[in-house]
Amino acid sequence: MGVDKANHPLQIGVTGGIGSGKSLVCKIFSCLQVPIYEADSRAHWLINHHDAIRERVVALLGPEAYDAAGVYNRRYVAEQVFAQPDKLAALNAIIHPIVRQDTAEWVQQQSGQPYIIKEAAIMKAAGDGNNLDFVVVVEAPESLRVRRVLHRDARSEAEIKAIIARQTTELERKQMADFVIHNDEVQALIPQVFHLHQLFLAKS
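Everything in the sequence shown is counted per our numbering, starting at -14 for the first residue and increasing by one.
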C-alpha cells in the first residue's frame, strides 16, 4: 500500500456522495496548505483541452460530442452511452488512462510535501489498484444532501435522488473508509478536518 515515501508524499483520498460536502472538506484542507487534486474537475478540463482525448472521443461518438465552440457536450455524450455499456467502457478507456497519467505527473510535482489529497466521487479502498495510503469518506444524511444540491444546482429532487441511487452506496463507502468525516451540520466540521491533518502530518 502506498508508494516510496523517499520520493512521494503520503497520498490521501477524499470521497463522498453528491451533496456530502467533500469539496468543502477539501477546501479546508487547502487552507491548511495541503495540495489538492480534484480528479473530477481535472478530468473535465482534460476532456476539453487534451487533443488526443478529443480526437478519440469524436472518432467514437461523432463530431456532436463537442459543440460549435469546441466544448464537450456532456448531455449528448450521456445520451450516446446511456444503456450502451460497450460505448461507456470505450469512453472510459479513452479518458481514464490520461487522467491517471495526469495524476501521476501532479504527484511527482508535489515531492517534498508531507501529504497530498486526491478528491474524487468514485474511489476504491486504499491500496486497491491505487497509490492511496488512506481514504477519507465524507458523510451526511441523504435528506440534507438532497437539500444542499437543490439549493446549489438546477436539478429537481427526483434527478438528485436518481444520481444518489446510481452512486456508490453509503455502506460501500463506509467499507472503504479509513476515516469518516461527518458533515451533518451537527458535528463541527473544521475540528474533524484539523484532527486528520495532524494525524497525517504525524504519519508522513
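Even glycine gets a Cβ: it sits at the ideal position worked out from N, Cα and C.
Per DSSP, the bridge partner or partners of residue i
i	result
His167	Glu124
Ile101	Gln(-4)
Tyr57	Tyr51
Inter-residue spacing [alpha-carbon to alpha-carbon] between residue i and residue j
i	j	result
Ile101	Val92	8 Å
Phe67	Leu73	8 Å
Ala24	Thr0	10 Å
Gln156	Ala53	Per the sequence shown, residue 156 should be read as Leu rather than Gln. Each residue's alpha carbon lies about 42 Å from the other.
Val56	Arg137	23 Å
Lys7	Val123	6 Å
Ser5	Arg39	31 Å
Tyr51	Ala187	46 Å
Gln(-4)	Gln95	11 Å
Asp169	Ala125	5 Å
Arg41	His81	13 Å
Ala28	Lys103	12 Å
Ala89	Pro70	28 Å
Val62	Gln98	38 Å
Leu135	Ile145	8 Å
Pro176	Gly(-2)	19 Å
Trp30	Ile149	24 Å
Cβ neighbour criterion (16 or more within 10 Å) applied to residue i
i	result
Arg130	buried
Pro(-6)	buried
Ala143	exposed
Arg85	exposed
* Would you be able to state if there are at least three C-beta pairs under 8 Å between the region 97 to 109 and the region 30 to 46? => no
* **the region 110 to 120 in contact with the region 32 to 42 per 3-pair CB rule at 8 Å** => no
* To do: Please specify which runs of the beta strand (DSSP E), each continuous and at least 3 residues long, are wholly inside the region 108 to 161, giving them in chain order.
  => 119 to 124
* To do: Inspect the CB distances between the region 177 to 187 and the region 12 to 21 and report whether three or more fall short of 8 Å.
  => yes
* Whole alpha helix (DSSP H) elements within the region 2 to 50, 4-residue minimum -> 7 to 16, 24 to 34, 36 to 46
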